[in-house]
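In the working numbering, the protein residues as written are 27 to 355.
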Amino acid sequence: MIDHLNFYAIEELKNTKSKPRESLRVKFMYQKVNTQGAKLLGDYMAKNCQNLDKLHIDLGNNQLGVPSMKHVLNGLKQCKKLKYFYFNTSENRLGSQGPKDLSQVLQLLKELCEIELFMESNQISDEGIQNLFQGLKHNSKIKRLSIHLGNNSIYNGGIPGFVDCISSLRYLSIVEIFLSHNFITNSGLKELSKILVYSSSIKTFMLEFSNNDIDQVGIQYLSDALKTCSTLKKLYLKLSYNNIGREGIQYLAQGIQYCTDLTHLSLFLQSSFIDYEGSTQLITAVKSCKYLSYFFVFAWMCDFVSWQQEKLLKSLKKQKRLVECQFQI
Numbered sequence: 027m028i029d030h031l032n033f034y035a036i037e038e039l040k041n042t043k044s045k046p047r048e049s050l051r052v053k054f055m056y057q058k059v060n061t062q063g064a065k066l067l068g069d070y071m072a073k074n075c076q077n078l079d080k081l082h083i084d085l086g087n088n089q090l091g092v093p094s095m096k097h098v099l100n101g102l103k104q105c106k107k108l109k110y111f112y113f114n115t116s117e118n119r120l121g122s123q124g125p126k127d128l129s130q131v132l133q134l135l136k137e138l139c140e141i142e143l144f145m146e147s148n149q150i151s152d153e154g155i156q157n158l159f160q161g162l163k164h165n166s167k168i169k170r171l172s173i174h175l176g177n178n179s180i181y182n183g184g185i186p187g188f189v190d191c192i193s194s195l196r197y198l199s200i201v202e203i204f205l206s207h208n209f210i211t212n213s214g215l216k217e218l219s220k221i222l223v224y225s226s227s228i229k230t231f232m233l234e235f236s237n238n239d240i241d242q243v244g245i246q247y248l249s250d251a252l253k254t255c256s257t258l259k260k261l262y263l264k265l266s267y268n269n270i271g272r273e274g275i276q277y278l279a280q281g282i283q284y285c286t287d288l289t290h291l292s293l294f295l296q297s298s299f300i301d302y303e304g305s306t307q308l309i310t311a312v313k314s315c316k317y318l319s320y321f322f323v324f325a326w327m328c329d330f331v332s333w334q335q336e337k338l339l340k341s342l343k344k345q346k347r348l349v350e351c352q353f354q355i
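Below, the structure written as structure tokens:
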């Protein structure tokens, strides 16, 4: 009785007679998969995957275009019992049409509870993002949503689609958004921060926002949203290579002080122009997180000193919940 199947090359699809009962994993990264290969995968899924519970497809770095991807999506349409879906199409040539086509298929998968989408480096614009999230709104059972959209052509205009979609998913508890190396400014971060205000069910929030175009004003918007998150459990903020500065980190510290139920806190702040005074306020804010078990700070080229670390560690240990505290500076 076969519960799981793994494929690591297109040729394996031609030769197998096995049908997965629960889980299928397809890992075709860097294999120069062409239109014929994409059609072969789509045809296999259409015939054999109607009862799948979990599906993992990795097609990253194949230079696939929209016509090729449509073959894969035609197969995906038949997987209507899926609960977990991992789909990596990073570093292909999907443009903004690819997300639109994907969203139309995702609307058909009503049982989905977890979605991980990797779409970095695909020349996706604001229009593509709006189309993608317009479709995801219909997946009402989603509990975990992980979207990787780094290194595209996303500006502020793509952000309202995020907020509208996520605020409509009432069972959503884990949100992971990766938007590094785009062109989003303070007003875009202001819009994005509304997710935390409108979605009270979120317990884990990860935002990868490195290498955009924000400063202390954008961080203030984020901080204001964090002040509404007293029940948030896990917070991961990757804000490196932005012009945050002393004032920005002070705003962030003020927001974190309101997240009193945090058990996990990770902050990536490399090259964000944070000085000693700013880092001191951040350390003070973290002390207010009385349930903290894991705390990580990655702050290369920022002004943290050893006595600050020692003082924080001593304070957190008094709470007798700390498992790990790590500084990389």
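For each residue, glycine too, the CB sits at the ideal point set by N, CA and C.
Just so you know, these numbers come straight off a predicted model, no measurement behind them.
Inset, instruction - Quick one: give me the first and last residue of the beta strand (DSSP E) that S292 is part of. - result: 290-294
Legend entry - Where the alpha helix (DSSP H) containing F188 begins and where it ends: 185-194
Inset, instruction - Report yes or no: do the segment 177-184 and the segment 243-255 share at least 3 C-beta pairs separated by less than 8 Å? - result: no
Legend entry - DSSP three-state assignment for L134, whether helix, strand or coil: coil
Inset, instruction - Go to K220, then tell me how far its alpha helix (DSSP H) extends in each direction, as first and last residue. - result: 212-224
Legend entry - Host alpha helix (DSSP H) of V98 (start-end): 92-102
Inset, instruction - Please classify Y197: is it buried, with 16 or more other beta-carbons within 10 angstroms of its beta-carbon, or exposed? - result: exposed
Legend entry - 6 Å CB neighbourhood of G271 in its chain, flanking five on each side removed: Q242, F299
Legend entry - Euclidean distance between Cα positions of S236 and S199: 23 Å
Inset, instruction - Determine the extent of the beta strand (DSSP E) in which Y262 is found, giving its start and end residues. - result: 260-264
Legend entry - Identity of the residue in M232, P93, T42, Y56 nearest D71 by Cα: In the sequence as displayed, the identity of residue 71 is Met instead of Asp. For the residues M232, P93, T42, Y56, the minimum Cα distance to M71 belongs to T42.
Legend entry - Contact check, C139 vs K167, beta carbons under 8 Å: yes
Inset, instruction - Compare the Cα-Cα distances from L278 to each of K264, E48, D287 and report the closest residue. - result: K264
Inset, instruction - Please classify D84: does DSSP put it in a helix, a strand, or coil? - result: strand
Legend entry - Residue burial classification, A35 (beta-carbon count within 10 angstroms, cutoff 16): exposed
Legend entry - Proximal residues to L252 (C-beta, below 7 Å), its chain only, five neighbours per side dropped: L222, G281, I282, Y284, C285
Legend entry - 7 Å Cβ shell around Y317 - same chain, five flanking residues per side excluded: D287, L288, T289, R347
Inset, instruction - Go through the segment 113-180 residue by residue and report every complete run of the alpha helix (DSSP H) that reaches 4 residues or more, in order. - result: 123-132, 152-162
Inset, instruction - Give the straight-line distance between the Cα atoms of L50 and L205, rounded to the nearest whole angstrom. - result: 28 Å
Inset, instruction - Going by CA-CA distance only, name the one from L31, S147, Q104 that's closest to K45. - result: L31
Inset, instruction - Note down the Cα distance separating Y110 from D79, rounded to an integer number of angstroms. - result: 7 Å
Legend entry - 6 Å CB neighbourhood of V323 in its chain, flanking five on each side removed: L293, F353
Legend entry - Exposed unless 16 or more other CB atoms sit within 10 angstroms - verdict on E336: exposed
Legend entry - contact_flag[the segment 149-166, the segment 216-235] where n(CB pairs < 8 Å) is 3 or more: no
Inset, instruction - Give the straight-line distance between the Cα atoms of H207 and L261, rounded to the nearest whole angstrom. - result: 21 Å
Legend entry - Nearest-angstrom Cα separation, counted from Q133 out to G101: 14 Å
Inset, instruction - Leaving aside the five residues before and after M27 along the sequence, list all residues of the same chain whose C-beta is less than 8 Å from its C-beta, in chain order. - result: Per-residue confidence for M27 stands at a pLDDT of 47, beneath the threshold of 50, marking its modelled position as unreliable; the derived number appears in the next sentence. Taken in chain order, the residues that qualify are R47.
Legend entry - DSSP beta-bridge partners of Q352: F322
Legend entry - P93 classed as buried or exposed, judged by whether at least 16 other C-beta atoms fall within 10 angstroms: exposed
Legend entry - Distance CB(N87)-CB(E117) smaller than 8 Å: yes
Inset, instruction - For K106, I'd like the list of residues in its chain whose CB is within less than 8 Å of its CB, leaving aside the five on either flank, ordered along the chain. - result: Q76, L134, L135, K136, E137
Legend entry - Proximity winner among L85, S266, G68, relative to Q104 (alpha-carbon distances): G68
Legend entry - Span of the beta strand (DSSP E) around I203: 200-204
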